[in-house]
Amino acid sequence: MADSTNQGVTYLPNKKRSVPEDLDSDGIGAKKQVLSSPLNGGLVDPAASLANARHEFGEHGGVNMSIETSATFTVLEPETMGRMFSGELGPDQDYFIYSRHFNPTVMNLSRKIAALEGTEAAYCTASGLSAISAVLLQLVSSGGHIVAGSAIYGGTHSLLTHFLPRVCNITTTFVDITDLEKVEDAIIEGKTNVLYFETISNPSLRVANIPELSRLGHSKGLKVVVDNTFAPMVVSPARLGADVVVHSVSKFISGGADIIAGAVCGPASLLNSMMDLHNGALMILGPTMNPKVAFELSERIPHLSLRMKEHSNRALVYATRLEKLGLKVIYPGLESHPQHEILKSIANKGYGYGGLLGIDMETEEKANKFMSYLQNHAQFGFLAVSLGYYETLLSCSGSSTSSELNEEEKKYAGISPGLIRVSVGYVGTLEQKWSQLEKAVHKFYENGLPNKN
Ligand SMILES: Cc1ncc(COP(=O)(O)O)c(C=O)c1O
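My numbering runs 445 ahead of the 1-based position in the sequence shown.
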């Protein structure tokens, strides 16, 4: 490629415009798939798989990648534009059109998230809910049907209960996914397209038997979509049979409670179809991630495994000790949890059972008093929704992040009015934080609330 001049700007030969080795001299002959990447040799530990993923250096040899902030991208020859729009030239050959379509920095982060989940491809979005809605709209057409876990995040529940039926004529049947017979009964052959559930459900912490549910879904021709927001590193749904994994990256993956983001992980063919200029839910609806945000997040992925181990470690210690003190604790790492054995059998070794635990205080009043004490006297955590932060976050799910569900739906989802969801943080020492929590429990019992046992 010769130097050329355009509008007074001198363009040096750009290595990003050089012809990749696997292409003919004119760049034709590239496979049209733009997003596929090797599956990291089938490595099963997500941290090992991440370490194997391509490391992107900065433009000037920086150890960190450069941020490609451009909304639009130039080409040397006008004909190239047509070849990009026809899909002949794409991001894998370093041809970019416009950042609502593929962006290099967002692609770098997405490659890491694909490595984390062991999927062929991934792409990041502006929020977790936009990742979920985009993938469902891609996989289900008007008149289609979804079978979904009854215990799922309130926002997703609203999407399925209200928004999709009203706007798209897509309906959902909610079932307890721990009951495989009920799941099978809910599938309408010829109409149901997707089986959707959360690995560890928000907030009731039910654990999905992903291999069995995937087998069942596939035997009926469904795509199995799993929200793995509560269990990155801990469980790898795609390695257990799921077709698509979605994330609210706003939570553990970010870890800073300062970014809203999401991701869709799955086959390259799905992600490419989601970027299709005519029919792609990401391209057409445009839930685009800002490249500056993608850069920030990519700096946090390398320590996700360390953070998850400590979230899980502390959650298990607190859950075990709280149970001994007589509280009703819900934590899938405890033997008392109905799906403990399932989680044990599907979890990646060394990452524990996740950083969320539930304390059932029976009534909202007791839950509020206890949370208020924990924040305002014991300094144990913050009264706030969301999760995956380094500080402990406390919320009463029934009146906050699951308030979208009616009373009957909450009951079916296992959400008691007094359920406190605890996202266990890792600041301070474990014993320092435990003594704050323990004091709060004793103080609470002294005041007669709640009854022990
Ligand atoms: C399990 C789960 N999925 C999806 C979402 C939505 O993600 P976001 O808030 O990033 O849109 C949330 C948010 O709380 C969640 O808890």
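Cβ coordinates follow ideal geometry from the N, Cα and C atoms, glycine included. Note that the coordinates shown come from a computational prediction; the quantities given were computed from them, not determined experimentally.
Query: Roughly how many angstroms separate the alpha carbons of S578 and L604, rounded to a whole number?; Result: 8 Å
Query: Between I622 and L658, which are expected to be in contact by the criterion C-beta below 8 Å, what is the C-beta distance as a whole number of angstroms?; Result: 6 Å
Query: Less than 8 Å separating the Cβ of F642 from some heavy atom of ligand 1?; Result: no
Query: Bridge partners of L716, per DSSP?; Result: Answer is none; L716 lacks a bridge partner.
Query: The alpha helix (DSSP H) spanning T550 covers which residue range?; Result: 549-562
Query: Verify the contact flag: T601, CB atom, against every heavy atom of ligand 1, threshold strictly below 8 Å.; Result: yes
Query: With 16 as the cutoff for other CB atoms within 10 Å, does A638 come out buried or exposed?; Result: In the sequence as displayed, the identity of residue 638 is Asn instead of Ala. Buried: at least 16 other Cβ atoms inside 10 Å.
Query: How big is the Cα-Cα spacing for T601 and Y641?; Result: 10 Å
Query: Closest to G700 by CA distance: which of T674, M719, G686, V508 is it?; Result: T674
Query: Helix, strand or coil for G870, going by three-state DSSP, please let me know.; Result: coil
Query: Near K884, what residues of its chain come up, given a Cβ to Cβ distance below 8 Å and the 5 sequence neighbours on each side ignored?; Result: A823
Query: On the three-state DSSP scale, how would you describe Y796?; Result: coil
Query: Kindly give me the distance between the Cβ atoms of G778 and G826, rounded to whole angstroms, as I take these residues to be in contact under 8 Å.; Result: Wrong, their Cβ atoms sit about 19 Å apart, outside the cutoff.
Query: Which same chain residues end up closer than 7 Å to S681 when comparing Cβ atoms and leaving out the 5 residues on each side of it in sequence?; Result: P491, E562, G563, N793
Query: Kindly list the residues whose CB is nearer than 6 Å to the CB of S861, restricted to its own chain and excluding five residues on each side of it in sequence; keep chain order.; Result: D805
Query: Cutting at 7 Å between CB atoms, please list the residues of its own chain near T517, excluding the five before and the five after it.; Result: Y543
Query: Rounded to whole angstroms, what is the Cα-Cα separation between M446 and L521?; Result: Residue placement at M446 is poorly supported in this model, since its pLDDT is 29, which falls under 50; the coordinates still yield a value, given next. So the alpha carbons of these two residues sit roughly 9 Å apart.
Query: Cα-Cα, which of A713, E809, Y890, T874 is closest to E836?; Result: T874
Query: Are the stretch 689-706 and the stretch 569-583 in contact at 8 Å, needing three or more beta carbon pairs?; Result: yes
Query: Let's test the definition: count the other Cβ atoms within 10 Å of the Cβ of G411 and tell me whether it reaches 16, buried, or not, exposed.; Result: Residue 411 cannot be examined here, being either before or after the span of the chain that is shown, 446 to 898.
Query: I think S595 touches V612, with their Cβ atoms under 8 Å apart; what is that distance to the nearest whole Å?; Result: Not really, about 22 Å apart at Cβ, beyond 8 Å.
Query: From the DSSP output, in three-state form, read off Y857 for me.; Result: helix
Query: Specify the secondary structure class of G474 as computed by DSSP and reduced to three states.; Result: Confidence is the limiting factor: at G474 the pLDDT is only 28, short of 50, which leaves the residue's position unreliable, though a coordinate-based value still follows. Coil.
Query: Beta-carbon separation of N717 and A559 under 9 Å?; Result: no
Query: Buried or exposed: which applies to I507, given that a residue is buried once 16 or more other Cβ atoms fall within 10 Å of its Cβ?; Result: In the sequence as presented, Ile is not what sits at residue 507; that position holds Gly. When all chains shown are included, G507 counts as exposed.
Query: Given 8 Å as the limit, tell me if Y598 has its C-beta closer than that to any heavy atom belonging to ligand 1.; Result: yes
Query: Under 8 Å: does the beta carbon of V694 sit that close to some heavy atom of ligand 1?; Result: yes
Query: Mind checking whether the beta-carbon of G800 lies closer than 8 Å to any heavy atom of ligand 1?; Result: no
Query: Please classify L667 as buried or exposed, where buried requires at least 16 other C-beta atoms within 10 Å of its C-beta.; Result: buried
Query: Helix, strand or coil for I436? Go by DSSP, reduced to three states.; Result: The shown model of the chain, from 446 to 898, leaves out residue 436, and the question about it has no answer.
Query: Using a Cβ distance threshold of 8 Å, determine whether the stretch 744-755 contacts the stretch 784-799, with at least three qualifying pairs required.; Result: yes
Query: For G765, does the three-state DSSP call read helix, strand or coil?; Result: First, the residue type needs correcting, since residue 765 is Thr and not Gly in the sequence shown. If DSSP states are grouped into helix, strand and coil, T765 belongs with the helices.
Query: May I ask whether a heavy atom of ligand 1 can be found less than 8 Å away from the beta carbon of S575?; Result: yes
Query: Does chain D have any CB closer than 9 Å to the CB of T525?; Result: Reference to chain D is not applicable here, since this structure consists of a single protein chain.
Query: Runs of 4 residues minimum, wholly inside the stretch 565-648: which ones carry the alpha helix (DSSP H) assignment?; Result: 573-584, 599-603, 609-613, 625-631
Query: Please state the DSSP three-state secondary structure of Y835.; Result: coil
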